[in-house]
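One structure is given here, and the rest of the page talks about it.
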Amino acid sequence: PWRRRPGLSAPDLDHPRSLPTGTMNEDQVQKQIEQMVKFIRQEAVEKAREIHVKAEEEFNIEKLRMVEAEKARIRAEYERKEKDIEVTKRISQSNHVRAARLNILSERQVQLNNLKEDAQKRLTRLVQSDKYASLLESLIVEGLIRLEGTKVSIRAVSGQATTAKNVLPSAVAKYKTWAEKKGAAFVKEIDITINDVAIKGSCGGVILATAGDKIVLDNTLETRLTLAMEVRLPETRRVLFG
7 PWRRRPGLSA PDLDHPRSLP TGTMNEDQVQ KQIEQMVKFI RQEAVEKARE
57 IHVKAEEEFN IEKLRMVEAE KARIRAEYER KEKDIEVTKR ISQSNHVRAA
107 RLNILSERQV QLNNLKEDAQ KRLTRLVQSD KYASLLESLI VEGLIRLEGT
157 KVSIRAVSGQ ATTAKNVLPS AVAKYKTWAE KKGAAFVKEI DITINDVAIK
207 GSCGGVILAT AGDKIVLDNT LETRLTLAME VRLPETRRVL FG
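And the structure:
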């Protein structure tokens, strides 16, 4: 419905009975028509202005909503990328630190291996020296005491059976002396022999077995070196790496 603005009236449209009575001449009719056209145009202009204003408001509201939505999307995307960058950075730092630690551990292990190899070379030289017979006797005595057996068989390293047989009487005597001081009742039953099966892959030492070979003690130099490296590893690390 058309809205009438204050100050404007259209008696011709709203109140047709208010039209002048009688016959109107052509000028009057034309004037009346012009008034009606003017009124209709004015109403159309007002309606168009109202539609334009409303459309402009809706457009601005929608534009603001779209702008805010785009801002929110951009902020969310920026925050996501920032988090991804931070995560990537932390992963990279963690990998770098881990790689550095692994490299340090690897280098330290190389030094420990070198130390063990050097010790192994020294043991080889020791076996070839005059001091080895005394060392072999000590290894046999130590093994016998640890086993506390009456019947013990001893295996020597390949090529060292003669040396083992030469030191065996002295080693057995020391073992019996230890057993007597301890008050062991099995002293008279002690029977120590050299097994003809030689140890291969070792530079020195012995392997002792008792209880029908059910109890075995490896007292080779390689085993003793490995054990010493394990026991003294913390101290070795302090000396080498601080």
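Position 233, counted from 1, in the sequence shown is what this note's numbering calls 239; the numbers after and before it change by one each time, with no gaps. Backbone N, C-alpha and C define an ideal beta-carbon position, used for all residues, glycine too. Since the model is a prediction, treat every value here as computed from it, not as a measurement.
query: According to DSSP, is Ala-204 part of a helix, a strand, or is it coil?; result: strand
query: To the nearest angstrom, how far is it from the Cα of Glu-236 to the Cα of Val-103?; result: 27 Å
query: Would you say the segment 160-176 touches the segment 206-223, given that touching needs at least three Cβ pairs under 8 Å?; result: yes
query: Less than 8 Å between the beta carbons of Ala-215 and Ser-140, yes or no?; result: no
query: Here's the rule: buried if 16 or more other CB atoms are within 10 angstroms of the residue's CB, otherwise exposed. What is Leu-129?; result: buried
query: Among the residues of its own chain, which have a CB less than 6 Å from the CB of Asn-225, if the five just before and after it don't count?; result: Leu-145, Gly-149, Gly-211 and Val-212
query: Measuring alpha carbon to alpha carbon, tell me which residue in Ala-105, Lys-122 and Ala-170 is nearest Arg-230.; result: Lys-122
query: Near Arg-152, what residues of its chain come up, given a Cβ to Cβ distance below 7 Å and the 5 sequence neighbours on each side ignored?; result: Leu-223
query: Between Glu-186 and Leu-118, what straight-line distance do the alpha-carbon atoms span, to the nearest angstrom?; result: 42 Å
query: So, under 8 Å CB-CB, Val-173 and Leu-142 are touching, yes? Tell me the CB distance rounded to an integer number of Å.; result: 6 Å
query: DSSP three-state call for Asn-225: helix, strand or coil?; result: strand
query: Determine the direct distance from the alpha carbon of Glu-52 to that of Gln-34, and round the result to whole angstroms.; result: 27 Å
query: Measure the Cβ-Cβ separation of Ile-196 and Lys-182 and say whether it is below 8 Å.; result: yes
query: What separation, rounded to the nearest whole angstrom, lies between the Cα atoms of Glu-113 and Ile-198?; result: 46 Å
query: Below 8 Å between beta carbons: does that hold for Gly-155 and Ala-105?; result: no
query: Check this for me: beta carbons of Ala-167 and Ala-204, under 8 Å apart or not?; result: yes
query: Pull up the distance between the alpha-carbon of Lys-206 and that of Arg-238, whole angstroms please.; result: 27 Å
query: If I measure Cβ to Cβ from Phe-192 and keep anything under 6 Å in the same chain, skipping five residues before and after, which residues do I get?; result: Thr-156
query: Below 8 Å on the Cβ atoms is my contact criterion, and I expect Val-147 with Lys-180 to pass it. Report the Cβ-Cβ distance as a whole number of Å.; result: 5 Å
query: Which residue from Glu-228, Glu-241, Ile-67 and Glu-63 puts its Cα closest to that of Val-133?; result: Glu-228
query: Go ahead and pull the three-state DSSP assignment for Thr-156.; result: coil
query: Within 10 angstroms of the Cβ of Phe-65, are there 16 or more other Cβ atoms? Answer buried if so, exposed if not.; result: exposed
query: In chain order, what residues of the same chain have a beta carbon less than 7 Å from the beta carbon of Ser-176, not counting five sequence neighbours either side?; result: Glu-143
query: Which word fits Val-245, buried or exposed, when buried means at least 16 other C-beta atoms lie within 10 angstroms of its C-beta?; result: exposed
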